[in-house]
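A.B. asks:
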Ligand code: SF4
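Residue numbers (our numbering): 40 to 437.
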């Protein structure tokens, strides 16, 4: 008898999440399927029209409409395949994904759930509809976080979750306020596997909400854990260790002299990405950032002192942001540019689902503030999609 088809809908944007769930499936389970990668713009695979097939999606907000169109094309082409969707959009706003017509939708971390689901699906006992997984429960050490099936070795996830509660951010709520770390044993095994798969590889990058919080309680750096991590990576011969650069940025209150003295000799990255968000203490309080302007200034100065290029995230147009707050932000950026030659990564506030500010609107951005941001962009010291996101959600919701 033919095996059922497991069609994996791969785009550049979902290789990390698909890799995580496929990597969580034991090979013996996947052997029950004919595995069919369906990559980017390639046509609908013929296997989708065959009797028993399951298409796996992982969706992010910007791709929702494209996925809706594709489901309609599948339907129009007479596809008999069942469909399952997970990913950040299904987690943050599950109804927006359910209403597209998927047979199964997974809200939440899916490493524990997906292998179980596949086993049930094989014997026709998978329950249709929305399934919500327990938040903050997945043990990172049980899973490799990648799969060769998607053809991508992602930045290695060393920590998941966050103990802070910034109003614009969904991470704490999505992970029930937990912060979980991958063990050194698990990290070492994955790094060795990366080098086995690609022996010419030099650079290892990491994924974490706050890279310098590795091994900590999430509130203060754990110097011993950071040292153990970096020593292990050096011992096993990682040629280039990149920590604190995208996608593992850091918080200003974790950039201390002790942390910098410890990490600097090990790191190959020249840039460290840090979330500072605003220059106004008033706005930092409203954002519930848990640090002040002075922390940011000290951290930026320290990054420079230790030879790193600070690349700083800022957000403008936050809820209840006053003109004074915005002018303070511009003054702060100008001061940091002059004193420390920072680079700026600029965002405009968007009310993301599953965040405390999900129902808030952008504050209008003062014309003079926009002008200054454009000048900095032209000067080559500011990047980011800030201007594209002005009014973004109001337009999207109609
Ligand atoms: S922005 Fe960073 S520090 Fe704040 S809640 Fe999100 S992950 Fe945590």
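Glycine included, every Cβ here is placed at the ideal spot set by N, Cα and C.
Fair warning: this is a prediction, and the values are worked out from it, not measured in the lab.
Given that a residue counts as buried once 16 or more other Cβ atoms are within 10 Å of its Cβ, and exposed if not, what is residue 221?
C.D. replies: Flag for residue 221 reads buried.
A.B. asks: Quick check: is any heavy atom of the ligand SF4 less than 7 Å from the C-beta of residue 289?
C.D. replies: Because no heavy atom of the ligand SF4 lies under 7 Å away, the Cβ of residue 289 does not count as near it: no.
A.B. asks: Please report whether the beta-carbon of residue 121 lies at a distance below 8 Å from any beta-carbon of chain C.
C.D. replies: Checking the listed chains, one finds no chain C in this structure; it contains a single protein chain.
A.B. asks: Using a 10 Å radius around the Cβ and a threshold of 16 neighbouring Cβ atoms, would you call residue 199 buried or exposed?
C.D. replies: Flag for residue 199 reads buried.
A.B. asks: With DSSP as the reference, please indicate the residues paired to residue 53 in a beta bridge.
C.D. replies: Its beta-bridge partners do not exist; DSSP assigns none.
A.B. asks: Should residue 443 go down as buried or exposed, given a rule of 16 or more other Cβ atoms within 10 Å for buried?
C.D. replies: In this structure the chain extends from 40 to 437, so residue 443 is not present and cannot be described.
A.B. asks: Check whether the region 187 to 195 and the region 50 to 66 touch, using three or more Cβ-Cβ pairs below 8 Å as the test.
C.D. replies: In short, these stretches touch, since the Cβ pair count reaches three.
A.B. asks: Quick check on DSSP: helix, strand or coil for residue 150?
C.D. replies: In the structure shown, residue 150 sits in coil (DSSP, three-state: anything other than H, G, I, E or B).
A.B. asks: Need the endpoints of the beta strand (DSSP E) that residue 78 sits in, please.
C.D. replies: Looking at the DSSP string, the run of the beta strand (DSSP E) that includes residue 78 is 73 to 78.
A.B. asks: Roughly how many whole angstroms lie between the Cα atoms of residue 438 and residue 267?
C.D. replies: Any property of residue 438 remains undetermined from this structure, which presents the chain solely from 40 to 437.
A.B. asks: Confirm, please, whether the CB-CB distance from residue 75 to residue 49 is below 8 Å.
C.D. replies: Taking 8 Å as the Cβ cut-off, residue 49 and residue 75 do not qualify as a contacting pair.
A.B. asks: Between which two residues does the beta strand (DSSP E) holding residue 89 run?
C.D. replies: That residue, residue 89, is in no beta strand (DSSP E); it is neither H nor E in DSSP.
A.B. asks: What are the partner residues of residue 349, as DSSP defines its beta bridges?
C.D. replies: In DSSP, residue 349 forms a bridge with 311.
A.B. asks: Tell me, to the nearest whole angstrom, how far the beta carbon of residue 294 is from that of residue 353; I am working on the premise that it is less than 8 Å.
C.D. replies: With 8 Å as the limit, residue 294 and residue 353 do not qualify as a contact, their Cβ atoms being about 16 Å apart.
A.B. asks: So does residue 335 have its beta carbon nearer than 7 Å to some heavy atom of the ligand SF4?
C.D. replies: No; taking the cut-off as 7 Å, the Cβ of residue 335 has no heavy atom of the ligand SF4 nearer than that.
A.B. asks: Would residue 53 and residue 126 qualify as a contact pair, given that the criterion is a beta-carbon distance under 8 Å?
C.D. replies: Cβ atoms of residue 53 and residue 126: closer than 8 Å.
A.B. asks: Could you check whether residue 243 and residue 280 sit closer than 8 Å to each other, using their CB atoms as the reference points?
C.D. replies: The answer is yes: Cβ separation under 8 Å.
A.B. asks: If you measure from the CB of residue 211, is any heavy atom of the ligand SF4 nearer than 7 Å?
C.D. replies: Checking every heavy atom of the ligand SF4 against the Cβ of residue 211, one is found closer than 7 Å.
A.B. asks: Measuring CA to CA, which of 209, 212, 181, 203 is closest to residue 197?
C.D. replies: Considering only alpha carbons, the answer is 181.
A.B. asks: Look at the Cβ atom of residue 421, then the Cβ atom of residue 383, and state whether they are nearer than 8 Å.
C.D. replies: Result yes, Cβ atoms of residue 421 and residue 383 sit closer than 8 Å.
A.B. asks: Using the Cα positions of residue 128 and residue 135, report the straight-line distance between them to the nearest angstrom.
C.D. replies: Spanning the two alpha carbons is a distance of roughly 8 Å.
A.B. asks: With DSSP run on the structure shown, which of helix, strand or coil describes residue 171?
C.D. replies: In this structure, residue 171 counts as strand in the three-state DSSP scheme.
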